[in-house]
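S.K.:
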Amino acid sequence: MRLFVALPLPEAVTAPLVRLAEAAPLGRAVAEENLHLTLAFLGEVGQSALPALDGALSTVCAPPVCLSFHEVAALGGRQARVVALTARGPEALYKRIVSALRLAGFALPRRRFRAHVTLLRLPRRLEPGQEQRLARFLARLGTPPIGPVSIDRFTLYASQLHPDGARYEPLAEYALR
Ligand code: 3AM
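Numbering (my numbering), first residue to last: 495 to 671.
Right under this line is the structure:
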């Protein structure tokens, strides 16, 4: 199973975000039920490792996350792959989850954590003019008036890749209190 750990988002956040994504001049909007904030990507995990994974995530003890949103930006370096809403608030929880998973022997990609909610997936190559249209759209948006919100749990998701996009299934939830 392809697994990741993420913060689920309430409808008060996902509803305006999906409207915003659908107004973009290009790219494929992430479906509302798939909007989340990724904390750790585990990749392929065998069924036999699930009890150890659940055990590790159950040891994470942290208060609810106060999530605030910053800006809608194209992420992924020079060849941007996604448009995302950047966020602040889950950094301490991220560190606890990553150390609990590493302690339990799970290998995680070594990437700088930049909290974000992916809103749109961009085509591999942008046609002439598309880059400017996207830049104008992002500049107009500024900081969207969404949040802050308090999130009182994190979720282990399974991701299934399909030609029309990934589908995410929540497998387990862990309370933050
Ligand atoms: O929250 P987002 O959409 O940015 O990018 C993938 C997605 O994050 C990320 O895991 C989330 C659920 O699929 N992801 C996919 N492959 C990855 C990898 N090899 C990855 N993150 C790190 N390394």
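Virtual Cβ for every residue (Gly too), placed ideally from N, Cα, C.
How many Å lie between Gln573 and Leu655 at the Cα?
M.R.: Distance between the alpha carbons of Gln573 and Leu655: 22 angstroms.
S.K.: For the alpha helix (DSSP H) that contains Val512, what are its first and last residues?
M.R.: From DSSP, the alpha helix (DSSP H) with Val512 extends over 505-516.
S.K.: Does the separation of the CB atoms of Ile640 and Val507 fall below 8 angstroms?
M.R.: Going by C-beta atoms, Ile640 is nearer than 8 angstroms to Val507.
S.K.: On the DSSP letters alone, give me the boundaries of the beta strand (DSSP E) that Pro502 sits inside.
M.R.: Note, Pro502: beta strand (DSSP E), 496-502.
S.K.: Compare the C-alpha of Val576 against each of Leu602, Arg522, Leu514 and name the closest.
M.R.: Checking every option, the nearest Cα to that of Val576 belongs to Arg522.
S.K.: Taking any heavy atom of the ligand 3AM as the mark, which residues have a C-beta closer than 5 angstroms to it, listed down the chain?
M.R.: In chain order, the qualifying residues are Phe498, Thr532, Phe535, Pro603, Thr612, Ser653.
S.K.: Which value, in whole angstroms, describes the spacing of the CA atoms of Leu520 and Ala609?
M.R.: Going by the C-alpha atoms only, they are around 23 angstroms apart.
S.K.: Are Asp658 and Pro558 touching if we call contact CB-CB under 8 angstroms?
M.R.: Taking 8 angstroms as the Cβ cut-off, Asp658 and Pro558 do not qualify as a contacting pair.
S.K.: Confirm, please, whether the CB-CB distance from Ala550 to Val675 is below 8 angstroms.
M.R.: Absent from the structure is residue 675, since the part of the chain shown begins at 495 and ends at 671.
S.K.: Are at least three pairs of beta-carbons, each pair with one atom in the stretch 552-572 and one in the stretch 621-637, less than 8 angstroms apart?
M.R.: Contact holds: three or more Cβ-Cβ distances are below 8 angstroms.
S.K.: What does the alpha-carbon distance come out to for the pair Leu620 and Arg582?
M.R.: Going by the C-alpha atoms only, they are around 29 angstroms apart.
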